[in-house]
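K.L.:
In our numbering, the protein residues as written are 61 to 305.
Idealized CB from N, CA, C, for every residue including glycine.
Predicted, not measured: the structure shown is a model, and the values here were computed from it.
Listed below in C-alpha coordinates is the structure:
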(Lines of atoms letter the chains of each structure in order from A and count residues from 1; the text may use other names and numbers.)
(Lines give C-alpha, C1' and ligand atoms only; values in the text may rest on other atoms or scores of the structure.)
Protein backbone atom coordinates (compact mmCIF):
# COMPACT_ATOMS: atom_id res chain seq x y z
CA UNK A 1 0.00 0.00 0.00
CA UNK A 2 2.96 2.37 0.48
CA UNK A 3 5.47 1.02 -2.02
CA UNK A 4 7.87 3.72 -3.17
CA UNK A 5 6.89 6.11 -0.35
CA UNK A 6 9.15 7.42 2.40
CA UNK A 7 7.86 8.01 5.93
CA UNK A 8 9.27 9.66 9.04
CA UNK A 9 7.86 8.32 12.32
CA UNK A 10 8.70 10.32 15.45
CA UNK A 11 8.49 8.40 18.71
CA UNK A 12 9.06 5.33 16.56
CA UNK A 13 11.29 3.26 18.81
CA UNK A 14 8.66 1.41 20.87
CA UNK A 15 4.96 0.89 21.50
CA UNK A 16 2.55 2.44 19.03
CA UNK A 17 5.37 4.18 17.16
CA UNK A 18 7.31 0.98 16.50
CA UNK A 19 4.07 -0.71 15.40
CA UNK A 20 3.56 2.09 12.87
CA UNK A 21 7.14 1.71 11.65
CA UNK A 22 6.68 -2.04 11.14
CA UNK A 23 3.32 -1.60 9.40
CA UNK A 24 4.80 0.94 6.99
CA UNK A 25 7.81 -1.26 6.25
CA UNK A 26 5.57 -4.29 5.70
CA UNK A 27 3.68 -2.24 3.14
CA UNK A 28 6.73 -1.24 1.13
CA UNK A 29 7.69 2.17 2.51
CA UNK A 30 11.13 3.45 3.37
CA UNK A 31 11.05 4.58 7.00
CA UNK A 32 13.09 6.92 9.19
CA UNK A 33 12.68 5.92 12.84
CA UNK A 34 12.76 8.91 15.15
CA UNK A 35 13.73 8.57 18.80
CA UNK A 36 14.81 10.75 21.70
CA UNK A 37 18.20 9.05 22.11
CA UNK A 38 20.62 7.28 19.79
CA UNK A 39 20.62 4.14 21.96
CA UNK A 40 16.85 3.71 21.70
CA UNK A 41 17.01 4.29 17.95
CA UNK A 42 19.77 1.69 17.61
CA UNK A 43 17.73 -0.82 19.63
CA UNK A 44 14.72 -0.31 17.36
CA UNK A 45 16.84 -0.65 14.23
CA UNK A 46 18.29 -3.91 15.58
CA UNK A 47 14.75 -5.34 15.63
CA UNK A 48 14.24 -4.34 11.98
CA UNK A 49 17.30 -5.93 10.37
CA UNK A 50 15.20 -7.65 7.69
CA UNK A 51 14.40 -4.17 6.36
CA UNK A 52 17.91 -2.74 6.74
CA UNK A 53 17.97 -1.29 3.21
CA UNK A 54 14.72 0.60 3.76
CA UNK A 55 15.11 1.91 7.28
CA UNK A 56 17.30 4.50 9.01
CA UNK A 57 17.34 6.26 12.38
CA UNK A 58 17.22 9.91 13.41
CA UNK A 59 17.18 11.57 16.85
CA UNK A 60 16.90 15.36 16.55
CA UNK A 61 15.52 17.62 19.25
CA UNK A 62 11.97 17.82 17.89
CA UNK A 63 11.50 21.34 19.26
CA UNK A 64 14.60 22.64 17.46
CA UNK A 65 13.76 23.64 13.86
CA UNK A 66 17.38 23.49 12.70
CA UNK A 67 17.95 19.98 14.07
CA UNK A 68 14.67 18.74 12.61
CA UNK A 69 15.40 20.24 9.20
CA UNK A 70 18.88 18.70 9.16
CA UNK A 71 17.47 15.29 10.12
CA UNK A 72 14.75 15.48 7.46
CA UNK A 73 17.34 16.52 4.87
CA UNK A 74 19.33 13.40 5.78
CA UNK A 75 16.22 11.29 5.17
CA UNK A 76 15.65 13.00 1.83
CA UNK A 77 19.30 12.45 0.87
CA UNK A 78 19.05 8.73 1.61
CA UNK A 79 15.59 7.99 0.21
CA UNK A 80 14.99 10.89 -2.19
CA UNK A 81 11.85 12.31 -0.60
CA UNK A 82 9.55 12.53 2.42
CA UNK A 83 5.97 11.58 1.58
CA UNK A 84 4.57 10.79 5.03
CA UNK A 85 5.15 12.29 8.46
CA UNK A 86 3.78 10.47 11.50
CA UNK A 87 3.98 12.85 14.48
CA UNK A 88 3.81 10.20 17.20
CA UNK A 89 6.33 11.40 19.80
CA UNK A 90 4.71 12.44 23.05
CA UNK A 91 4.75 12.31 26.83
CA UNK A 92 1.95 11.91 29.34
CA UNK A 93 1.34 13.32 32.82
CA UNK A 94 -0.79 12.47 35.84
CA UNK A 95 0.24 15.27 38.20
CA UNK A 96 -2.50 16.98 40.22
CA UNK A 97 -3.19 20.64 39.47
CA UNK A 98 -2.16 21.37 43.07
CA UNK A 99 1.35 20.00 42.49
CA UNK A 100 1.80 20.91 38.82
CA UNK A 101 4.80 23.12 38.08
CA UNK A 102 5.00 25.50 35.16
CA UNK A 103 8.13 23.63 34.04
CA UNK A 104 6.32 20.28 33.87
CA UNK A 105 3.38 21.85 32.06
CA UNK A 106 5.74 23.44 29.51
CA UNK A 107 7.60 20.16 28.95
CA UNK A 108 4.37 18.34 28.06
CA UNK A 109 3.26 21.14 25.73
CA UNK A 110 6.68 21.31 24.07
CA UNK A 111 6.87 17.62 23.18
CA UNK A 112 3.18 17.13 22.42
CA UNK A 113 2.42 20.39 20.59
CA UNK A 114 5.49 22.45 19.69
CA UNK A 115 7.25 19.39 18.25
CA UNK A 116 4.21 18.62 16.07
CA UNK A 117 4.33 22.18 14.74
CA UNK A 118 8.11 22.13 14.13
CA UNK A 119 8.09 18.74 12.39
CA UNK A 120 4.98 19.53 10.35
CA UNK A 121 6.48 22.81 9.17
CA UNK A 122 9.72 21.17 8.07
CA UNK A 123 7.93 18.29 6.33
CA UNK A 124 5.34 20.53 4.67
CA UNK A 125 8.05 22.60 3.00
CA UNK A 126 9.52 19.44 1.45
CA UNK A 127 6.12 18.00 0.55
CA UNK A 128 5.04 21.21 -1.18
CA UNK A 129 8.14 21.08 -3.39
CA UNK A 130 7.37 17.45 -4.21
CA UNK A 131 3.71 18.02 -5.09
CA UNK A 132 2.04 16.78 -1.92
CA UNK A 133 2.20 14.43 1.03
CA UNK A 134 0.54 13.23 4.22
CA UNK A 135 0.90 14.35 7.84
CA UNK A 136 -0.67 12.23 10.59
CA UNK A 137 -0.68 13.30 14.23
CA UNK A 138 -1.23 11.24 17.37
CA UNK A 139 -4.09 12.67 19.40
CA UNK A 140 -5.87 10.81 22.22
CA UNK A 141 -9.34 9.95 23.47
CA UNK A 142 -8.65 12.36 26.36
CA UNK A 143 -8.62 15.29 23.93
CA UNK A 144 -12.40 14.87 23.99
CA UNK A 145 -13.05 13.58 27.51
CA UNK A 146 -10.21 14.98 29.63
CA UNK A 147 -8.71 12.99 32.49
CA UNK A 148 -8.83 13.17 36.31
CA UNK A 149 -5.33 14.64 36.68
CA UNK A 150 -2.40 15.73 34.53
CA UNK A 151 -4.33 18.49 32.75
CA UNK A 152 -1.46 19.35 30.38
CA UNK A 153 -1.82 16.05 28.55
CA UNK A 154 -5.46 16.39 27.42
CA UNK A 155 -4.87 20.10 26.81
CA UNK A 156 -1.95 19.24 24.54
CA UNK A 157 -3.97 16.67 22.62
CA UNK A 158 -6.84 19.14 22.22
CA UNK A 159 -4.23 21.46 20.69
CA UNK A 160 -3.09 18.64 18.37
CA UNK A 161 -6.68 18.29 17.14
CA UNK A 162 -6.76 22.03 16.45
CA UNK A 163 -3.44 21.93 14.60
CA UNK A 164 -4.68 18.98 12.56
CA UNK A 165 -7.86 20.70 11.45
CA UNK A 166 -6.21 24.07 10.82
CA UNK A 167 -3.27 22.66 8.87
CA UNK A 168 -5.59 20.46 6.83
CA UNK A 169 -7.30 23.60 5.57
CA UNK A 170 -4.10 25.58 5.05
CA UNK A 171 -2.18 22.82 3.27
CA UNK A 172 -4.96 21.36 1.12
CA UNK A 173 -4.06 23.68 -1.76
CA UNK A 174 -0.58 22.11 -1.75
CA UNK A 175 -2.05 18.60 -1.89
CA UNK A 176 -0.91 17.83 1.66
CA UNK A 177 -3.46 15.88 3.69
CA UNK A 178 -3.40 16.30 7.48
CA UNK A 179 -5.24 13.92 9.82
CA UNK A 180 -4.93 12.58 13.36
CA UNK A 181 -5.48 9.27 15.12
CA UNK A 182 -6.94 9.35 18.64
CA UNK A 183 -6.10 6.08 20.43
CA UNK A 184 -7.94 4.83 23.46
CA UNK A 185 -6.35 2.62 26.13
CA UNK A 186 -3.66 0.68 24.26
CA UNK A 187 -1.45 -2.20 25.39
CA UNK A 188 1.84 -0.34 25.51
CA UNK A 189 4.57 -1.17 28.06
CA UNK A 190 2.77 0.91 30.69
CA UNK A 191 -0.57 -0.88 30.28
CA UNK A 192 1.08 -4.30 29.94
CA UNK A 193 2.66 -3.79 33.37
CA UNK A 194 -0.70 -3.29 35.10
CA UNK A 195 -2.20 -6.09 37.21
CA UNK A 196 -4.54 -8.40 35.29
CA UNK A 197 -7.55 -7.43 37.42
CA UNK A 198 -6.99 -3.75 36.66
CA UNK A 199 -6.78 -4.44 32.92
CA UNK A 200 -10.00 -6.43 33.22
CA UNK A 201 -11.74 -3.49 34.92
CA UNK A 202 -10.52 -1.14 32.21
CA UNK A 203 -11.66 -3.53 29.49
CA UNK A 204 -15.12 -3.87 31.03
CA UNK A 205 -15.74 -0.18 30.35
CA UNK A 206 -14.92 -0.54 26.65
CA UNK A 207 -17.89 -1.70 24.52
CA UNK A 208 -15.63 -3.86 22.32
CA UNK A 209 -14.46 -5.61 25.51
CA UNK A 210 -10.69 -5.21 25.26
CA UNK A 211 -7.91 -2.67 25.33
CA UNK A 212 -6.34 -1.81 22.01
CA UNK A 213 -3.21 -3.37 20.58
CA UNK A 214 -0.49 -1.17 19.04
CA UNK A 215 -1.26 -2.77 15.67
CA UNK A 216 -4.85 -1.48 15.92
CA UNK A 217 -3.48 2.06 15.96
CA UNK A 218 -0.88 1.28 13.30
CA UNK A 219 -3.62 0.04 10.96
CA UNK A 220 -5.32 3.44 11.20
CA UNK A 221 -2.00 5.13 10.42
CA UNK A 222 -1.60 2.86 7.39
CA UNK A 223 -5.05 3.70 6.07
CA UNK A 224 -4.58 7.45 6.47
CA UNK A 225 -1.15 7.34 4.81
CA UNK A 226 -2.37 5.31 1.85
CA UNK A 227 -4.18 6.25 -1.35
CA UNK A 228 -7.32 4.70 0.16
CA UNK A 229 -7.63 7.92 2.17
CA UNK A 230 -6.88 10.20 -0.77
CA UNK A 231 -10.04 12.27 -0.10
CA UNK A 232 -9.71 12.28 3.70
CA UNK A 233 -8.24 15.30 5.46
CA UNK A 234 -8.95 17.22 8.67
CA UNK A 235 -10.18 14.08 10.42
CA UNK A 236 -9.44 13.01 14.00
CA UNK A 237 -9.99 9.26 13.76
CA UNK A 238 -10.95 7.61 17.05
CA UNK A 239 -9.50 4.13 17.54
CA UNK A 240 -10.70 3.35 21.06
CA UNK A 241 -13.28 0.55 20.96
CA UNK A 242 -15.88 3.25 21.75
CA UNK A 243 -14.38 3.87 25.18
CA UNK A 244 -15.77 7.02 26.74
CA UNK A 245 -13.29 8.03 29.43
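1) According to DSSP, is residue 155 part of a helix, a strand, or is it coil?
2) Rounded to whole angstroms, what is the Cα-Cα separation between residue 102 and residue 161?
3) Taking only the alpha-carbon atoms, compute the straight-line gap between residue 280 and residue 289 and give it to the nearest angstrom.
4) For residue 302, report the span of its beta strand (DSSP E) as first-last.
5) Residue 74 by DSSP, collapsed to three states: which one?
6) Just to confirm my understanding: we take residue 169, look at its own chain, exclude 5 residues before and 5 after, and list those with CB closer than 7 angstroms. What are they?
7) In the DSSP assignment, the alpha helix (DSSP H) including residue 277 goes from what residue to what residue?
8) On the three-state DSSP scale, how would you describe residue 268?
9) Can you check the region 216 to 254 for any alpha helix (DSSP H) of at least 4 residues that lies completely inside it and give the ranges in chain order?
10) Who are residue 117's beta bridge partners in DSSP?
11) Leaving aside the five residues before and after residue 214 along the sequence, list all residues of the same chain whose C-beta is less than 8 angstroms from its C-beta, in chain order.
P.N.:
According to the structure data:
1) coil
2) 33 angstroms
3) 10 angstroms
4) Taken as a continuous stretch (DSSP letters only), residue 302 belongs to no beta strand (DSSP E), as it is neither H nor E.
5) coil
6) 212, 216
7) 274 to 285
8) coil
9) 249 to 252
10) 93
11) 200, 202, 203, 205, 206, 207
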